Each structure stands twice: as structure tokens, then as C-alpha cells.
Amino acid sequence: DSKIDMMGSWYAAGNAENVTTILEELKNQKVEVSYAPGCDVESPDKSGFPAALAAARSADVVVMIMGEKGNMSGEAASRSDITVPGVQTELLAALKSTGKPVVVLLANGRPLALEKEFALADAMLEIWFPGTQAGQAVADVLLGAYNPSGKLPATFPRSVGQIPLFYNMKNTGRPMLEDQKYTSKYLDIPNSPLFPFGYGLSYTSFDYSDITLSKPEINGNESLEITVSVSNSGNYDGYEVVQLYIQDLVGSVTRPVKELKGFRKVWIKKGDTIKVSFTLSAKDLAFTRADNTWGSEPGDFKVFVGSNSRDTKSADFKLQ
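Just add 279 to wherever you are in the sequence shown, counting from 1, and you've got the numbering used here.
Given below as C-alpha cells:
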């Protein structure tokens, strides 16, 4: 119910008085709400826990809004610890113990380390700092009036110790192998992020076919067409953001393990299947080479298509 925190830190000429909070909009939409503040974002004070638990026990569904204050990110607002601050996670665990379904709404201005919260939540919605229309936007998704389709523009780590962590990293000289000790991995957590770049769910589900390539190899003057079929296998119409990545397997300088080269947002009705195509040319495969010139190099490539940088189909092609 905080107007100023819904604005975040970059609101410029925005006016917090114009914000409709999430609580206000749920009441506007005639949802019966038992509200309790629970705890402050940063304070260790747990005196609000009993009232929050009482509200939860009287409810069908618990909606907990948690994360950061609006001024905790942005310019001159770095954090050394990107876990959820204060005792918010303790409150979430207490609410979960009531046995009621718990929906977490995350208000934050940066990726957070959310392993504990993800394990406790029955559903999790990233709302960032949604601004003056916070209440209307969040309520529409929360109540099912809008089917979300957003994808993460950043990687969410499991732990701050994984940072820097990003999808287009360079390959290491000792890639991770589970059965070999002296490779690049952690002893206590997986190497993978909690949520990869490009990740995001919907109230429906989408299935991808294998990739079809127009040809197995191209020269510098030709283009390659990449096609997949995407099916809406769920119960609702919805948008899907289909993402295209490549990997240059060998270069005169080290190359990223994946590079985003395109995406398409497509509307698919439930039960329908559509074809989605991308076109790549040698120009799309260019990079700054060892001699500091810009251009592509002949060799082997992989192409990936999927709903995020992790969950993809792949195929191979050559550039002559």
C-alpha cells in the first residue's frame, strides 16, 4: 500500500499522489481483502507477524508483496547483499506454514537471490517498480484479466557468490563436468542461475518443435532461414516471446557460449500452432576479430531457438 515505493528511483516528474496501490485496486475490484503490513522492508521488527498470520488464516489465498524499497536501487544505490532484506523471508515462511497458497509479488529494481523465497512460494510474479499504474497492472495479472508474457532482461543468480553471471559469458578452459573435480563449478550450489536470461512464464504453456534450417551451410552473400513450430498447449490464449541465439564454435578470439540475435512476440490461441521464422546472414555473425577488424569468420555455428536462453532447441550450420 506504499505509493512512493511503487514509483522506484527513476520516476523523474512522476507524482506519488497519482499512484493507485495494489491494495487500493484490489478493493476497487471488489476483492475481499484482509490486509496487514506484516513487517517493514529493512527492519528486524517482527511485531507485525501475528496480525499478518491472522489475516492469512482467514483468507483463501495469501498475497505477499516483498522485495526492496523504491530508493534501494538506481544511481548511487548499490547493495553488497542482494538477498531479500530484513525479516521479509521469515514472514513468508510463517505465512507458508498456515497451509494457504502463497503468491509472492516481487517489487525490486535489480535481480535478487531468491532461492529461499522461490522454494516457499506457490507462485511468483516479478512486478519491478510499476509506477503510477501499479495497482491496475498488477491486479489485472493477479486476477487473470491479463495473461502475462514478460521475459527477464537479466539473469537472476542463486547466490551473490555467482556474480558476475550472465547468459553470454565466454567459455572457460575447464568447463563444468559433474564427475570431475578440477573443473569450473561450485561445491555448494549448481553453476546455473535460478532464473536465466529471457525467462518468463504465462498462464498457458508453449511447446516447440525441432528447428528446420533452409540449408546446412551459407556463404558470405547468402542468408539462412531458421524455422520452428510453436504450439499453445495450455488452456488460455497468450503471447509467447520466441528467442533466437547463436554460438560461434571457433573464432580468432574467444566467443560467447550464446548470443541473442533476435526475438519475436507472437499471439497464439489455445490449441493452435504457428510457424516462427528468423533470418541470419554473415553480417549477423560478425564480431571484433583478433586483428581489430569487424566481420564474420568461416566455421561451425550452432543456432538455438526457445522460450529463454536455457530452454532451447538447437541445430548446426556452417559459414563458408
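For each residue, glycine too, the CB sits at the ideal point set by N, CA and C.
Keep in mind it's a predicted model, so treat the numbers as computed, not measured.
For residue i: DSSP bridge partner residues
i      : result
Phe485 : Asn511
Ser502 : Ser560
Met403 : Val383
Gly582 : First, the residue type needs correcting, since residue 582 is Val and not Gly in the sequence shown. Paired residues: Ile525, Ala594.
Val342 : Val382
Ile553 : Val509
Lys449 : Pro535
Thr567 : Trp573
Thr491 : Thr506
Exposure label - residue i; buried when at least 16 CB within 10 Å
i      : result
Ser352 : buried
Pro443 : exposed
Leu305 : buried
Ala331 : buried
Pro472 : buried
Residue i vs residue j beta-carbon contact at 8 Å
i      : j      : result
Gly410 : Gly293 : yes
Val366 : Lys309 : no
Ala561 : Val532 : no
Leu598 : Gly574 : no
Glu396 : Val383 : yes
Cβ-based neighbour list, residue i, same chain, cut-off 6 Å, excluding 5 preceding and 5 following
i      : result
Ser313 : Ala334, Ser337, Ala338
Asn387 : Gly346, Glu347
Met455 : Thr462, Ser463, Lys464, Asn470
Glu321 : Pro364, Gly365
Val420 : Pro427
Thr483 : Asn511, Gly513, Tyr515, Gly517
Asp563 : Lys540
Leu523 : Lys540, Gly541, Phe557, Val584
Chain-order list of residues whose beta-carbon lies under 7 Å from that of residue i (same chain, five-residue window excluded)
i      : result
Glu576 : Gly530, Ser531, Arg568
Pro475 : Thr434, Tyr446, Asn587, Ser588, Arg589
Cut-off 8 Å between Cβ atoms - residues of its own chain near residue i, not counting five sequence neighbours on either side
i      : result
Glu600 : Since the first and last residues shown for the chain are 280 and 599, residue 600 lies out of range.
Asp360 : Val439
Arg534 : Lys449, Asn450, Gln526, Asp527, Leu528, Phe566
Cβ-Cβ separation, residue j to residue i (assumed contact under 8 Å), whole Å
i      : j      : result
Ala400 : Pro436 : That pair is no contact at about 17 Å.
Glu538 : Ile553 : Not a contact, Cβ separation roughly 25 Å.
Val509 : Val520 : At roughly 10 Å, the Cβ-Cβ gap does not stay under 8 Å, so Val509 and Val520 are not in contact.
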